[in-house]
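Here the structure comes first, spelled out in structure tokens, and everything after it is commentary.
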Amino acid sequence: MTTCGPRNPGRTRGNLLRAGIRLFASRGFHGVGVAEIVSEAGCNKRMLYHYFGDKEGLYVAVLQAVYARMEQVETAPLPPEASTAAMICEIMQRHFHFLATDNEFVKLLLWENLNEGRLLARHPGLLTKAPILHQLRTILEAAQSRGEITAADDPRHLLILMIGMCFIHFSNQHTLRQAVDLDMADPHIQAEGLRLAQQMVLAYLGLAPPEANGV
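Counting from 12, one number per residue, gives the positions in the sequence shown under our numbering.
Given below as structure tokens:
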């Protein structure tokens with residue numbers, strides 16, 4: 012349990028947010044009560060209501076905070092001199108490595124899907140893939156204009172495919188370990204999974220791996 016302190020509003024809000032992230036990631040929105048959150052943060056209920064309005068307000072702030080972590084990774088500039096294949100592989104590598112190091116994001120996303128995205132539906136714009144989708148569309152259009160690829164399908168489907176092939180290594184790692192006898196937490200297994208996922212996307216686009224391009 013952390014201690015908020017009586018005269019430090021920034022620390023109080025931060026402690027509540029961190030407590031919310033830990034607890035909501037562990038048991039989801041409906042599995043955590045306000046009393047437990049404020050106890051974990053070392054505050055009283057009045058502080059939670061003051062900074063976040065109610066439990067749902069804190070949950071929204073939690074989702075915003077963890078989604079911002081992912082967006083920061085996704086929107087980092089790509090090397091301008093990189094080939095199309097190298098940029099596609101870099102996007103997937105960044106996403107994969109983020110998931111490997113941010114278990115709270117993975118769990119919160121799973122909980123929100125279990126709840127059928129009801130809270131996200133009440134807060135439009137809270138979660139968007141617009142920045143990375145714009146980046147991917149720009150890459151594909153440039154590659155098409157250079158004759159590297161034919162007209163691609165809806166980039167949204169390609170992005171979903173790229174995300175899904177990364178996410179399953181972490182969302183289903185415990186069941187897959189039993190089902191296929193692979194330790195999905197092993198860095199070597201993860202590296203192989205990422206490599207295969209990258210190769211599949213490049214093959215779909217008709218692109219050779221970056222190594223073959225001398226990049």
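Note that CB positions come from ideal geometry on N, CA and C, so glycine has one too.
Owing to the predicted nature of the structure, the values given are computational and were not obtained by experimental measurement.
Separation of residue j from residue i, as counted between CA atoms
i	j	result
GLU222	SER94	10 angstroms
GLY136	LEU130	11 angstroms
ASN55	ASN26	12 angstroms
LEU119	GLY39	7 angstroms
HIS41	LEU193	32 angstroms
HIS61	GLU47	17 angstroms
GLY64	ARG80	23 angstroms
ALA162	SER156	9 angstroms
ARG24	LEU59	8 angstroms
THR149	HIS134	28 angstroms
LEU138	VAL49	26 angstroms
LEU218	ILE160	7 angstroms
GLN146	ILE179	23 angstroms
GLY225	LEU125	Residue placement at GLY225 cannot be trusted, given a pLDDT of 42 that sits under 50; the coordinates are not used to answer.
LYS140	ALA72	18 angstroms
Assigned exposure category for residue i - 16 Cβ within 10 Å defines buried
i	result
GLY204	buried
ILE166	Note on identity: in this sequence residue 166 is Pro, with Ile being the wrong assignment. Answer is buried; the Cβ neighbour count reaches 16.
GLN189	exposed
MET98	buried
TYR215	exposed
ILE143	buried
ALA87	exposed
GLU123	buried
Assigned secondary structure, residue i (DSSP; H/G/I helix, E/B strand, else coil)
i	result
MET103	helix
GLY39	coil
GLU92	coil
ARG157	coil
GLU123	helix
GLY136	coil
LEU130	helix
THR86	coil
PRO166	helix
ALA196	coil
Sub-9 angstroms separation of residue i and residue j beta-carbons
i	j	result
PHE181	LEU110	yes
GLU82	PRO90	no
VAL45	SER37	no
PRO220	ALA76	no
ALA208	PHE107	yes
ARG105	GLU92	no
Supposed contact pair residue j and residue i - C-beta distance, whole angstroms, cut 8 angstroms
i	j	result
GLU127	ILE32	Going by Cβ atoms, the distance from GLU127 to ILE32 rounds to 21 angstroms, so no, they are not a contact pair.
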